[in-house]
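Sequences listed follow chains D and U, in order.
Under our numbering, the first residue of the first sequence carries the number 13, and numbering increases by one thereafter.
Under our numbering, the first residue of the second sequence carries the number 233, and numbering increases by one thereafter.
Glycine included, every Cβ here is placed at the ideal spot set by N, Cα and C.
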Amino acid sequence: MTPAREAIHLPVLFLTVTLLAGLRLGAAVVLIPPSLFSLILAVLLVGVLVQSGAFVPLRVINGSRTALANLNGGVVVVTLLVASAQMFSLLTPDSGLPRVLFSVYFLVLLINTMAASPDRIRVLRSLAVTFGAAFVLKFIVLDALSDPAGGRLTRLLQVLFEGVTLGTLSQDPQHPAAGYLAFTAIVMFLATVFLLRAPRFDEAGSTQAVALRRQD
Amino acid sequence: MRAAGLGIAVVYSFLIAWLFGQQPATFAEVAGTLSSAVGGYRIDQQAFDDGLQYFGNDQFAEARAAFERADPAHRDARTQFYIAYAFYREGWGRFYSDDRLYRQGLEAVDRAIALAPNGRLVVNEPGQELRTADELKAELERGLKVEPSDFNPARVVRPRK
Numbered sequence: 013m014t015p016a017r018e019a020i021h022l023p024v025l026f027l028t029v030t031l032l033a034g035l036r037l038g039a040a041v042v043l044i045p046p047s048l049f050s051l052i053l054a055v056l057l058v059g060v061l062v063q064s065g066a067f068v069p070l071r072v073i074n075g076s077r078t079a080l081a082n083l084n085g086g087v088v089v090v091t092l093l094v095a096s097a098q099m100f101s102l103l104t105p106d107s108g109l110p111r112v113l114f115s116v117y118f119l120v121l122l123i124n125t126m127a128a129s130p131d132r133i134r135v136l137r138s139l140a141v142t143f144g145a146a147f148v149l150k151f152i153v154l155d156a157l158s159d160p161a162g163g164r165l166t167r168l169l170q171v172l173f174e175g176v177t178l179g180t181l182s183q184d185p186q187h188p189a190a191g192y193l194a195f196t197a198i199v200m201f202l203a204t205v206f207l208l209r210a211p212r213f214d215e216a217g218s219t220q221a222v223a224l225r226r227q228d
Numbered sequence: 233m234r235a236a237g238l239g240i241a242v243v244y245s246f247l248i249a250w251l252f253g254q255q256p257a258t259f260a261e262v263a264g265t266l267s268s269a270v271g272g273y274r275i276d277q278q279a280f281d282d283g284l285q286y287f288g289n290d291q292f293a294e295a296r297a298a299f300e301r302a303d304p305a306h307r308d309a310r311t312q313f314y315i316a317y318a319f320y321r322e323g324w325g326r327f328y329s330d331d332r333l334y335r336q337g338l339e340a341v342d343r344a345i346a347l348a349p350n351g352r353l354v355v356n357e358p359g360q361e362l363r364t365a366d367e368l369k370a371e372l373e374r375g376l377k378v379e380p381s382d383f384n385p386a387r388v389v390r391p392r393k
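1) Any idea what DSSP makes of residue 35 (chain D), helix, strand or coil?
2) Step through the CB atoms of chain U and report whether any lies within less than 8 Å of the CB of residue 46 (chain D).
3) Nearest-angstrom Cα distance between residue 324 (chain U) and residue 168 (chain D)?
4) Would you say the region 125-140 of chain D touches the region 81-92 of chain D, given that touching needs at least three Cβ pairs under 8 Å?
5) In whole angstroms, what separates the C-alpha of residue 35 (chain D) from that of residue 255 (chain U)?
6) Where DSSP assigns a beta bridge to residue 354 (chain U), which residues make up the other side?
7) Taking just the CA atoms, how far does residue 74 (chain D) sit from residue 68 (chain D)?
8) I want to verify the contact list: residues of chain U whose CB lies under 9 Å from the CB of residue 247 (chain D), in sequence order.
9) 8 Å is my cut-off, CB to CB: does residue 255 (chain U) come that close to chain D?
10) For residue 87 (chain D), return the contacting residues in chain U, with the cut-off set at a CB-CB distance below 7 Å.
11) Which of the three DSSP states is assigned to residue 58 (chain D) in this structure?
12) If you run the structure through DSSP and keep just helix, strand and coil, what is residue 199 (chain D)?
13) Among U:240, U:391, U:241, U:242, which residue has its Cα nearest to the Cα of residue 326 (chain U)?
14) Which whole-angstrom value describes the C-beta separation of residue 183 (chain D) and residue 154 (chain D), a residue pair presumed to lie in contact below a C-beta threshold of 8 Å?
15) Name the one or two DSSP bridge partners that residue 42 (chain D) has.
16) Using only alpha-carbon positions, find the residue among U:267, U:347, U:260, U:317 that is nearest to residue 373 (chain U).
17) Residues of chain D with CB closer than 7 Å to the CB of residue 248 (chain U), please, in chain order.
18) Counting only C-beta atoms, is residue 258 (chain U) closer than 8 Å to chain D at any point?
19) When you compare the CB of residue 245 (chain U) with every CB in chain D, is at least one pair closer than 8 Å?
20) Under a Cβ-count criterion, where at least 16 other Cβ atoms within 10 Å of its own Cβ denotes burial, should residue 283 (chain U) be classed as buried or exposed?
21) Note down the Cα distance separating residue 246 (chain U) from residue 253 (chain U), rounded to an integer number of angstroms.
22) Of the residues D:81, D:140, D:16, which one's Cα is nearest the Cα of residue 118 (chain D)?
23) I want to see whether chain U comes within less than 8 Å of residue 193 (chain D), judged by CB atoms only; does it?
24) Run through DSSP, which three-state label would residue 208 (chain D) get?
25) Just the chain U side, please: which residues come within less than 8 Å of residue 41 (chain D) by C-beta, in chain order?
26) Can a CB atom of chain U be found closer than 8 Å to the CB of residue 23 (chain D)?
27) Identify the contact partners of residue 34 (chain D) in chain U, using a Cβ-Cβ distance below 9 Å as the criterion.
28) Listing by chain order, which chain U residues have their CB less than 7 Å from the CB of residue 15 (chain D)?
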């Protein structure tokens, strides 16, 4: 990892994700800090990233580095943790049954991933699918089911789901830009997590060359 | 490079923590709070004077609009006091007070108290009975409570402050 990536790019990107994921647009803009449960999920996610090798803390904090370099590494660890917590906070619905279901979904999925101990690429793919699915469910499906200005079919579905779930399904309507903001935060977070251990171009080339030689 | 990166990360972190703490609702509030932190925030005096004039003429909605224009970042204690006062006067009634306006007034006077040095705000202006934020807050809180004195017939002749 280059010093610029470690000291500037990663912290700035993670902090931007923290800010974007905390924004809730409405009549007034509100900034929501991560919930306690999302902090627990974030710790599990960092654990999964470390276990899979997607993030190696010893590369950024160890005794052979200077104090300043270790401080940079510490900032990367802390910002990764906070950004992860904010991502879970962003993707979990605000209230009702969906909030409970999403929380359990994330918890089970992370524990399952830890138990399976997949490699880096599989963890990154799994993370993209998990966050993508949660995004679709929260910002498209649930939002459509909670839209008070929807058509007849939507209203019929709303009444049906309200009856079945005793009114615990519908959420407060979201600002039209909320989904776009969340999408940006997710893409930025996934890209930054990829950068945590992405090889440089020359390194990637030499790694591929070594792999090809081994195959020969 | 590393020192610069650390500096950028620390400043950015503090900015985000500050935003989460302050909860500015608009970009005007962000800009206003930042400039007031360095002592550079000024209200629009012309709009404030317009607000005072409307307030004196019992045009409370107009007064609040002018005060909002004068202090878009909600960083001036005196302006927030007058916004709260306008809510009080508009919500005041001989038989009952408008709880919605009183609640908004309470929010504004709380902002004024939070902004005033040591929470003490005195506004000496001729023709107004409530001269401190504490008096105004107490009056607004009294209006929101249901008390036995609310049913006193003599209440209808009490003056508006």
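Reading it off the structure:
1) In this structure, residue 35 (chain D) counts as strand in the three-state DSSP scheme.
2) no
3) 44 Å
4) no
5) 10 Å
6) U:364
7) 11 Å
8) This structure leaves residue 247 (chain D) out entirely; chain D is present only between 13 and 228.
9) yes
10) By Cβ distance, chain U contributes 238, 241.
11) helix
12) helix
13) U:391
14) At roughly 6 Å, the Cβ-Cβ gap stays under 8 Å, so residue 183 (chain D) and residue 154 (chain D) are in contact.
15) D:36
16) U:317
17) 27, 30, 31
18) yes
19) yes
20) buried
21) 10 Å
22) Nearest option by C-alpha distance: D:140.
23) no
24) coil
25) 256, 257, 258
26) yes
27) Residues of chain U passing the Cβ test: 248, 251, 252.
28) 233, 234
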